[in-house]
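Student:
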C-alpha cells in the first residue's frame, strides 16, 4: 500500500509539471505511468493463474523438543517470473487453544519450483496442525497484490518424551487365559476350537485328543494339542475427565500413559488401552502387544481434549464389554496420578517425572 501511494504521488507530480511546463517528454512519461497500471495488473493475473501451491510435511512424526518442518512447494507454470509471494501459515497444537501465524516471503522463477519452509519446535507433545491461511502475489513494483486460494492443511504428530519404568507381573497375570481370538504361539492349552500342534502320544494324554485318521496312517498315535487363547489381563484406562485449570493441562499426562504402556510391552504383558470419546458416545479400545501398537494409539490419543463430566471408566467398560474378564485395571488421570484397582499407587510431577518413573515399579 505504501508503494501504491508513492506511485500515485509520482503520477500526480508528473501530471502537475507536464501541465505547468507543457513539456512533451513529461506528457509521454505521464502516459507511460498511467498505462503501466493495467499492464501490471494483467501480468499479475497471469502470474497468479500459473501458480500451484502444495503443503506437505516430509517427516510427520517427531518427539517433543524436536523441530517440525512444514514445506510450501510453489510451482510456477507461467512464463513470467514471480518476484513477490507472501504466505501466512498458521500452526496449532490441537491439545491447546492457542494459535500462531508465521509469514514466509519469497519468489519463484518462470517455469520453476520453489520451497518455503516453516520450522516449528514444540516443547510439548500433541497433534501439530499447519494451515495455509493466506497467500498474496505481488506485481513487479509491489503496487498491487492478488490473493491465491489457500486453505491447505496438514498434521504432524509430536510424540511425548520416552521415559522408562518397570511393570512386575503377578502369577495370575502371567497365567491369565481369558477369551480371545488370538492364541499363544509357544505354548499349548485347553481350547479345542484351535489346534496348537500335532505330536506323538505321551502318557497322560486324553483319548479325546488322539487324531485317529492320522494315527491309522502311521505306526504311532498322533495327538492334537489344543490352543491356548491369549487374553489381555490388564486394562489401562486413560481418564480425560476433569476441569482444565492451566493451559498446559496435558503436560506429563501423555508421558506417563506412554511409559506405562511401554513397560507392559517390555514385560510381555498384553493389555488394552481404553478411553472415553464423548463425541462418539462410547469407548475407544486398542489391543497392545508391541511397541508399534503404543505409537498407534498415541496418534489418536494426541487429538483428544478433556471433557468436563466425570465418567466411571471401569464401570462403563464392563457395560460396553459384558462378560469380558481381566485381571488388573490401571487408570491414569490428568493430574498424573495412577490408580491400581481403584487405589492410588503413584503420583508424579511433570518436572521430575523422568527420575520418579525410573525408581517406580507397578505390580499388575
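Numbering (our numbering), first residue to last: 22 to 385.
Beta carbons: idealized from backbone N, C-alpha and C, even for Gly.
(1) Does the count of Cβ pairs from the stretch 81 to 89 and the stretch 135 to 146 closer than 8 Å reach three?
(2) So that I know if they touch, is there some Cβ in chain D lying closer than 9 Å to that of residue 32?
(3) State the Cα-Cα distance for the pair residue 159 and residue 291, rounded to the nearest angstrom.
(4) For residue 37 and residue 30, I'd like the C-alpha separation in whole angstroms.
(5) Take residue 193 as the anchor and find which of 317, 122, 347 has the nearest alpha-carbon.
(6) How is the alpha helix (DSSP H) around residue 193 delimited, first residue to last?
(7) Just the Cα atoms here: how many angstroms apart are residue 56 and residue 118?
(8) Excluding the 5 residues flanking residue 387 on each side, which residues of the same chain have their C-beta closer than 6 Å to its C-beta?
(9) Starting from residue 119, trace the alpha helix (DSSP H) in both directions and tell me its first and last residue.
(10) To the nearest whole angstrom, what separates the beta carbons of residue 353 and residue 277, a pair I think is in contact under 8 Å?
(11) Which residues in the same chain as residue 377 place their Cβ atom closer than 7 Å to its Cβ, once the five residues preceding and following it in sequence are excluded?
(12) Pull up the distance between the alpha-carbon of residue 335 and that of residue 258, whole angstroms please.
(13) Residue 154 and residue 122: beta carbons closer than 9 Å?
(14) Compare the Cα-Cα distances from residue 149 to each of 344, 321, 279 and report the closest residue.
(15) What residue ranges within the stretch 355 to 381 form continuous beta strand (DSSP E) runs of no fewer than 3 residues, ordered along the chain?
(16) Let me know the beta strand (DSSP E) ranges lying completely inside the stretch 111 to 172, each 3 residues or longer, listed in chain order.
(17) Going by CA-CA distance only, name the one from 34, 65, 304 that's closest to residue 50.
(18) Cutting at 7 Å between CB atoms, please list the residues of its own chain near residue 166, excluding the five before and the five after it.
(19) State buried or exposed for residue 260, treating a residue as buried only when at least 16 other CB atoms are found within 10 Å of its CB.
(20) Expressed to the nearest angstrom, what Euclidean distance is found between the alpha-carbon atoms of residue 248 and residue 361?
(21) Could you compute how far the alpha carbon of residue 187 sits from the alpha carbon of residue 305?
(22) With the cut-off set at 9 Å, would you say residue 74 and residue 96 are in Cβ contact?
(23) To test your reading of the DSSP string, which unbroken beta strand (DSSP E) runs of 3 or more residues are found completely within the stretch 63 to 101?
(24) Please report the straight-line C-alpha distance between residue 101 and residue 283, rounded to a whole angstrom.
(25) Below 7 Å CB to CB, which residues in the same chain sit around residue 330 once its five sequence neighbours on both sides are set aside?
(26) Quick check: the Cα distance between residue 175 and residue 195, rounded to an integer number of angstroms?
(27) Can you tell me which of the three DSSP states residue 45 falls into?
(28) Please check the pair residue 332 and residue 293, which I expect to be a contact at CB under 8 Å, by giving their CB distance rounded to whole angstroms.
(29) Please work out which residues of its chain come closer than 8 Å, Cβ to Cβ, to residue 357, disregarding the five sequence neighbours upstream and downstream, and give them in chain order.
(30) Quick one: using the 10 Å Cβ neighbour count with 16 as the cut-off for buried, is residue 254 buried or exposed?
(31) Answer with buried or exposed for residue 279, where buried requires no fewer than 16 other C-beta atoms within 10 angstroms of its C-beta.
(32) Let me know the secondary structure DSSP gives residue 326 once reduced to three states.
(33) If you draw a straight line from the alpha carbon of residue 136 to that of residue 130, how long is it in whole angstroms?
(34) Ordered along the chain, which non-local residues of its own chain (more than five positions away) have a Cβ less than 8 Å from that of residue 256?
(35) Assuming contact is defined by CB atoms lying nearer than 9 Å, are residue 383 and residue 281 in contact in what I supplied?
(36) Does DSSP put residue 308 in a helix, in a strand, or in coil?
Tutor: Considering the structure as presented:
(1) yes
(2) Absent from the structure is chain D; it holds one protein chain and no more.
(3) Sequence index remark: in the chain shown, residue 159 carries index 138 (1-based). Sequence index remark: in the chain shown, residue 291 carries index 270 (1-based). Answer to the nearest angstrom: the Cα atoms are 59 Å apart.
(4) The residue given as residue 37 occupies position 16 in the chain shown. The residue given as residue 30 occupies position 9 in the chain shown. Distance between the alpha carbons of residue 37 and residue 30: 10 Å.
(5) By 1-based counting over the chain shown, the position of residue 193 is 172. Taking only the C-alpha atoms, the option nearest residue 193 is 347.
(6) Translated into the one-based positions of the chain shown, residue 193 becomes position 172. Its alpha helix (DSSP H) spans residues 192 to 195.
(7) Mapped onto the chain shown, residue 56 falls at position 35. Mapped onto the chain shown, residue 118 falls at position 97. Residue 56 and residue 118: Cα-Cα distance of roughly 49 Å.
(8) Absent from the structure is residue 387, since the part of the chain shown begins at 22 and ends at 385.
(9) For the purposes of this step, residue 119 is identified with residue 98 of the chain shown, where counting begins at 1. No alpha helix (DSSP H) contains residue 119, which DSSP labels as neither H nor E.
(10) The count along the chain shown starts at 1 and reaches residue 353 at position 332. The count along the chain shown starts at 1 and reaches residue 277 at position 256. At roughly 6 Å, the Cβ-Cβ gap stays under 8 Å, so residue 353 and residue 277 are in contact.
(11) In the chain shown, residue 377 corresponds to position 356, counting from 1. Cβ neighbours of residue 377 beyond the five flanking positions: 369.
(12) Start at 1 with the first residue of the chain shown, and residue 335 comes out as number 314. Start at 1 with the first residue of the chain shown, and residue 258 comes out as number 237. In a straight line, the C-alpha of residue 335 is about 8 Å away from that of residue 258.
(13) Here residue 154 refers to the residue found at position 133 of the chain shown. Here residue 122 refers to the residue found at position 101 of the chain shown. Yes, they are a contact pair.
(14) Taking the chain shown and counting its residues from 1, one reaches residue 149 at position 128. Nearest option by C-alpha distance: 321.
(15) 358 to 361, 364 to 368
(16) 121 to 129, 134 to 142, 147 to 159, 166 to 169
(17) Taking the first residue of the chain shown as position 1, residue 50 is located at position 29. Residue 34 is the option with its Cα nearest to residue 50.
(18) For this step, residue 166 is matched to residue 145 along the chain shown. Cβ within range, chain order: 157, 158, 159.
(19) Here residue 260 is taken as the residue at index 239 of the chain shown, counted from 1. Buried: at least 16 other Cβ atoms inside 10 Å.
(20) One-based indexing of the chain shown puts residue 248 at position 227. One-based indexing of the chain shown puts residue 361 at position 340. With a pLDDT of 47 at residue 248, under the threshold of 50, the modelled position of that residue is not reliable, and the figure given next carries that caveat. Taking the straight line from one Cα to the other gives about 31 Å.
(21) Counting from one through the chain shown, the residue named residue 187 turns up at place 166. Counting from one through the chain shown, the residue named residue 305 turns up at place 284. Those two C-alpha atoms are separated by around 25 Å.
(22) Here the question's residue 74 lines up with position 53 in the chain shown. Here the question's residue 96 lines up with position 75 in the chain shown. Yes, they are a contact pair.
(23) 72 to 77, 82 to 84, 88 to 97
(24) The sequence position of residue 101 within the chain shown is 80, counting from 1. The sequence position of residue 283 within the chain shown is 262, counting from 1. Looking at the two C-alpha atoms, the distance is approximately 55 Å.
(25) Within the chain shown, the letter at position 309 stands for residue 330. If we look at residue 330 and ignore the five residues flanking it on each side, its Cβ neighbours are 262.
(26) Position 154 of the chain shown, counted from the start, is the residue given in the question as residue 175. Position 174 of the chain shown, counted from the start, is the residue given in the question as residue 195. Using only the alpha carbons, I get a separation of about 43 Å.
(27) Taking the chain shown and counting its residues from 1, the one referred to as residue 45 is at position 24. The answer is helix: DSSP assigns residue 45 an H, G or I state.
(28) Working through the chain shown from its first residue, we reach residue 332 at position 311. Working through the chain shown from its first residue, we reach residue 293 at position 272. So it is not a contact: roughly 16 Å between Cβ atoms.
(29) Reading the chain shown from its first residue, position 336 is the one you call residue 357. Only 273, 274, 277, 368, 369, 370, 371, 374 meet the Cβ criterion.
(30) Here residue 254 refers to the residue found at position 233 when the chain shown is read from its first residue. Buried: at least 16 other Cβ atoms inside 10 Å.
(31) As a working note, residue 279 is residue 258 in the chain shown. Buried is the call here.
(32) Start at 1 with the first residue of the chain shown, and residue 326 comes out as number 305. Correct three-state label for residue 326: coil.
(33) The count along the chain shown starts at 1 and reaches residue 136 at position 115. The count along the chain shown starts at 1 and reaches residue 130 at position 109. Cα-Cα distance, rounded: 12 Å.
(34) In the chain shown, residue 256 corresponds to position 235, counting from 1. So the qualifying residues of the chain are 292, 293, 295, 335, 338, 347, 349, 350, 351.
(35) What you label residue 383 is simply residue 362 of the chain shown in a count that begins at 1. What you label residue 281 is simply residue 260 of the chain shown in a count that begins at 1. For residue 383 and residue 281, yes; Cβs fall inside 9 Å.
(36) Taking the chain shown and counting its residues from 1, one reaches residue 308 at position 287. Strand.
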